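Same order as they appear, the protein sequences are chains S and D.
Mind the numbering: the first sequence is residues 1 to 207 in this note's numbering, read in order.
Mind the numbering: the second sequence is residues 208 to 414 in this note's numbering, read in order.
Below is one structure, written out as C-alpha cells; comments come after it.
Protein chains: 2
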Amino acid sequence: MSERRSRRGRRPGVSGTRDAILAAARTCFTERGYDRASMRQIAAFAGVDPALIHHYFGRKERLFLATMRMPDLDTALGQVLAPPEGLDPGQIGEGLVRAVARLWADPELPRTLAGLVRTAATNEQGAAMLREFLGHAVLGRLATAVPSEDADLRAALVGSQIFGLLVARVVLKLEPLASMPGEDLARSVGPTLQRYLTGDIGTGTGG
Amino acid sequence: MSERRSRRGRRPGVSGTRDAILAAARTCFTERGYDRASMRQIAAFAGVDPALIHHYFGRKERLFLATMRMPDLDTALGQVLAPPEGLDPGQIGEGLVRAVARLWADPELPRTLAGLVRTAATNEQGAAMLREFLGHAVLGRLATAVPSEDADLRAALVGSQIFGLLVARVVLKLEPLASMPGEDLARSVGPTLQRYLTGDIGTGTGG
DNA sequence: CATACAATTCATCTAACGATGAATTGCCTC
DNA sequence: GAGGCAATTCATCGTTAGATGAATTGTATG
C-alpha cells in the first residue's frame, strides 16, 4: 500500500486546467455575477486548487476579463443578429424579430447575458464592459445598417427594448413574459423595433 | 480638563439615529445594491456604531426590508402614474409618456429604482421584491386601467420597455439615451407604449 | 544527467463582513 | 433618588474572501 500522502507537484499528462478554470469561471460568473462568484468556488467547480487560478490569471478581475473575452458571446450574437448590412431597411425590423426569437430559443445565451447583467448591475467595470459590448457589437451594427442622423438613438432604443425584455424574462422572471414562446414575443415586439429603426421617433427624421 | 475617554452610553437630547440609519441605508443600498452595501459602511455613513443597526433592525435583511418598505417609492410612483382609472384608454399612452417624463425629471426615483435593480440582479429575494413591486404597484394598475383579455401581457410589455430604458440610462449610462431630456425620450417611446396598451400585439386582441 | 521551467498543492496572511454580548450612560417614572 | 429601560460603544467571535510564497513534482532542453 503505497501511501500517497503528498499529492503535490505536477500531474502527468496534459493539463486542461486552464480551460477547466475558464469554463468554471464562465459558469460561476454567469450564474452568480462577478461579486458573488468566488475564486474558491470557481476553483472547486473546476476541481482545482484556488492558487492555480492566480497562477494562470492573476487577480480575479483578470480572470473575469479573460472569461468574458471568450469569443462565444460575440460570435453567437453575431450569428443571431445576422449580417444586417445590405438588407432592405424596411425589413430589418422583421429580421430583428427573428433574431430575437432565436435569441430566446437558445437557453444558453440569455443565461450568459443575464450573468453580464448581474455583473454590470453591481460592478462598474462590468457596466463599462456591457456598455461597450452593446455599443460596438450590437448597436454599432444596427446603426450602420440603418444610416440616419439619429442612428445612435434608434439603435439605443432598440437595445433598450430588447434589453428590458431580457431582464424581465431571465432575471426577474416576470410573468407572463417569462414563459412566453419566443416567436409570440417577437411578433409583439417586432413593430416596435421596426418603428425605432425606420419610423418617426419624434426627432424630425424618419417617418 | 475633564478627560472624556469613554464616550460610551446614551447621548443627551433626542436621537435621530434610527432615521439616520434608514437614510444611510437607502443611500447605500441604492448606490451599491444589497450585497456591496455593508452594515459597517451604512453605519459609518450614518455616523453611528455598527452595532446600533442590529439594535434597531436586527439582521441585514430586515434593514433592507425596512429601507425598501419606506412608502416614498410607492407613493412617488403612485403620483407619477397618476390614477389611470376612468381615463380614455386611447389617451393612456400619452399619459404614460408624461408620467415617464416626470419619472426621469426627478433624479431621486430613478436612482432608487436602480438600486432595486442592482439588488434584484444579484439577490433572489431582491428579485422577488422587484417582481412583486412591478406586478402589483405598476403593472396591476395598468392592467385594470386597460381591461382586455391579455391585459397582463400588455402591462408587462409596457413595463419591459420602461424598465429597459431605466437600466440603459441609469445603470449602464448608455449614450445617447443617458443624457437625453426626459420629454424627448417620452416622445420617442410614447407610441410604443400606446400600441402595447391598446394596439395590435399579435395575440388576436386589440387593433 | 543536469538544469530550467511549468504545474500543482499547502500553509498562511490580511482584510472585511455579519453578528453578538457585555458594559456604560442618559432619560423617565414612581 | 432608585429602578428600569433605551441608546450607545467596545471588544470580539467565526466566517469568508482574495492573495502570496514556498515546497514539490513532472516535462522539456541542453
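Even for Gly, the Cβ is constructed at its ideal location relative to N, Cα and C.
Since the structure is predicted, the reported quantities are computational estimates derived from the model, not experimental observations.
From the options, residue whose alpha carbon lies closest to that of residue i
i	options	result
Ala253/D	Phe264/D, Glu268/D and Thr234/D	Thr234/D
Leu272/D	Gly302/D, Ala232/D and Glu238/D	Ala232/D
Thr405/D	Arg394/D, Ala358/D and Asp391/D	Ala358/D
Phe340/D	Leu109/S, Leu130/S, Ala168/S and Arg131/S	Ala168/S
Asp49/S	Tyr34/S, Met68/S, Arg7/S and Gly33/S	Arg7/S
Tyr196/S	Val396/D, Gln401/D and Ile408/D	Val396/D
Leu113/S	Glu31/S, Ile21/S and Gly202/S	Glu31/S
Trp311/D	Arg217/D, Leu400/D, Leu392/D and Met246/D	Leu392/D
Arg102/S	Leu22/S, Arg187/S, Thr119/S and Arg118/S	Arg187/S
Arg305/D	Gly342/D, Gly409/D and Gln401/D	Gln401/D
Ala37/S	Gly115/S, His55/S, Val100/S and Gly58/S	Gly115/S
Arg154/S	Ile249/D, Thr274/D and Pro383/D	Pro383/D
Ala145/S	Leu63/S, His55/S, Lys60/S and Gly95/S	Gly95/S
Val191/D	Pro314/D, Asp313/D, Met336/D and Glu315/D	Absent from the model: residue 191/D. The displayed extent of chain D is 208 to 414, so no value can be given.
Arg217/D	Tyr241/D, Ile228/D and Leu259/D	Leu259/D
Gly58/S	Leu22/S, Gly33/S and Ile92/S	Leu22/S
Ala43/S	Pro147/S, Ala156/S, His54/S and Glu149/S	His54/S
Val109/S	Ala156/S, Met68/S and Ile92/S	With the sequence shown as reference, residue 109/S is identified as Leu, and Val is not the correct amino acid for it. Nearest C-alpha to Leu109/S: Met68/S.
Residue i: first and last residue of the uninterrupted alpha helix (DSSP H) it sits in
i	result
Asp35/S	Thr17 to Arg36
Arg218/D	Unbroken run through Arg218/D: none, as it is neither H nor E.
Leu346/D	Unbroken run through Leu346/D: none, as it is neither H nor E.
Gly322/D	Glu315 to Thr329
Ser367/D	Ala358 to Leu373
Val396/D	Gly389 to Thr405
Glu175/S	No alpha helix (DSSP H) contains Glu175/S, which DSSP labels as neither H nor E.
Arg40/S	Met39 to Ala46
Thr274/D	Lys267 to Met275
Ile214/S	For chain S, the structure presents residues 1 to 207; residue 214/S sits outside this window and is missing.
Pro50/S	Pro50 to Phe57
Beta-carbon neighbours of residue i, restricted to chain S and to distances below 9 Å
i	result
Pro383/D	Asp150, Asp152, Leu153 and Ala156
Ile408/D	Arg187, Ser188, Val189 and Pro191
Beta-carbon neighbours of residue i, restricted to chain S and to distances below 8 Å
i	result
Phe370/D	Gly164, Val167 and Ala168
Val378/D	Ala120, Ala121 and Ala127
Asp391/D	Gly202 and Thr203
Arg338/D	Leu172, Lys173 and Leu174
Leu341/D	Leu172 and Leu174
Chain D residues whose Cβ lies nearer than 7 Å to that of residue i
i	result
Val138/S	The contacting residues do not exist; Val138/S stays about 11 Å from chain D at best.
Partner residues on chain D for residue i, Cβ-Cβ distance less than 9 Å
i	result
Leu22/S	Simply none; closest approach about 22 Å.
Arg195/S	Pro398, Thr399 and Arg402
Gly159/S	Gly371, Ala375, Leu381 and Leu384
Chain S contact residues for residue i, given Cβ-Cβ distances below 7 Å
i	result
Val486/D	Summary: the structure shown does not reach residue 486/D, with chain D confined to residues 208 through 414, and so no result is reported for it.
Under 8 Å by beta carbon: chain D residues contacting residue i
i	result
Arg36/S	Asp242 and Thr329
*Where the stretch 308-319 of chain D meets chain S: residues whose CB sits under 7 Å from a CB there*: none
*Counting pairs of beta carbons, one from the stretch 156-174 of chain S and one from the stretch 367-378 of chain D, are three or more of them closer than 8 Å?*
yes
*Would you call the stretch 10-22 of chain S and the stretch 212-226 of chain D touching, i.e. three or more CB-CB distances under 8 Å?*
no
*Determine contact between the stretch 170-190 of chain S and the stretch 371-387 of chain D, defined as no fewer than three beta-carbon pairs at a distance below 8 Å.*
Short answer: they don't touch.
*Counting pairs of beta carbons, one from the stretch 333-347 of chain D and one from the stretch 114-127 of chain S, are three or more of them closer than 8 Å?*
no
*Selection of the stretch 230-241 of chain D by Cβ proximity to chain S, strictly under 8 Å*: Arg239 and Gly240
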